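Worksheet: the structure to be examined is printed underneath.
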Amino acid sequence: MKLQKFAIADVTLERTPGTEAEIFVGNAVDERHGGPITIGYGRYAPNQRLTETMAVDDVMIVLAGRLSVAAQEVEVGAGPGEIVYMPKGETVTIHAHEEGALTAYVTYPHWRTARE
15 MKLQKFAIAD VTLERTPGTE AEIFVGNAVD ERHGGPITIG YGRYAPNQRL TETMAVDDVM
75 IVLAGRLSVA AQEVEVGAGP GEIVYMPKGE TVTIHAHEEG ALTAYVTYPH WRTARE
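This is how it looks when you write it as structure tokens:
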């Protein structure tokens with residue numbers, strides 16, 4: 015794979031697998047490209063909630079809006095320019111606030127194949 019640059023317009027957003035929530039993801043780089051990580055974007059509609067046990071190590075960067083991530087007895091809020099790390103095996107609840115959120119993410123290894 016060679017040097018590349020991505021924008022949200024480069025991905026097709028699809029509903030997060032296994033949920034009816036208005037939370038959408040789109041991979042820019044994944045297992046089909048030969049690299050070891052997945053890179054993509056997420057869009058959370060206002061007041062949406064997702065609870066998931068992390069199948070991979072996940073780094074989420076908030077680009078716009080605001081969300082909270084809770085795990086066990088810890089909850090962190092994140093806004094534009096802030097990063098949340100969610101380690102493999104941790105059960106997290108991600109809650110988008112009233113304005114929703116746009117995020118970028120990097121996972122190791124690939125999240126889609128880890129869920130299968």
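When the letters of the sequence shown are read in order and numbered with our numbering, they come out as residues 15 to 130.
Glycine residues also receive a C-beta, built at the ideal position from the N, C-alpha and C atoms.
The structure displayed is predicted, hence computed values, not measured ones.
What residue does the beta strand (DSSP E) around residue i start on, and which one ends it?
i	result
Thr-117	105-122
Arg-63	63-67
Val-43	37-43
Val-98	97-100
Helix, strand or coil for residue i per DSSP?
i	result
Glu-28	strand
Ile-53	strand
Ala-92	strand
Ala-23	helix
Pick from the options: whose alpha carbon is nearest that of residue i?
i	options	result
Gly-114	Gly-95, Gly-56, Ile-97	Gly-56
Val-76	Arg-63, Val-106, Pro-94	Pro-94
Met-68	Ala-59, Ile-53, Asn-61, Ala-85	Ala-85
Arg-126	Val-88, Val-106, Glu-28	Glu-28
How would you write the range of the alpha helix (DSSP H) that residue i sits in, first residue to last?
i	result
Arg-129	125-129
Can you tell me the Cβ-Cβ gap for residue i and residue j, rounded? I've got them flagged as a contact below 8 angstroms.
i	j	result
His-124	Gly-79	Not confirmed; about 26 angstroms, so no contact.
Val-73	Val-83	Actually they do not touch by this definition, with Cβ atoms about 12 angstroms apart.
Thr-30	Val-39	6 angstroms
Ile-37	Leu-64	5 angstroms
Tyr-122	Val-43	Not really, about 12 angstroms apart at Cβ, beyond 8 angstroms.
Tyr-119	Gly-48	The Cβ separation is near 19 angstroms, so there is no contact.
Gln-62	Ala-35	5 angstroms
Val-106	Glu-66	6 angstroms
Can you tell me which residues form a DSSP beta bridge with residue i?
i	result
Gly-79	Ala-115
Ala-84	Glu-89, Thr-107
Val-70	Partner(s): none; Val-70 has no beta bridge.
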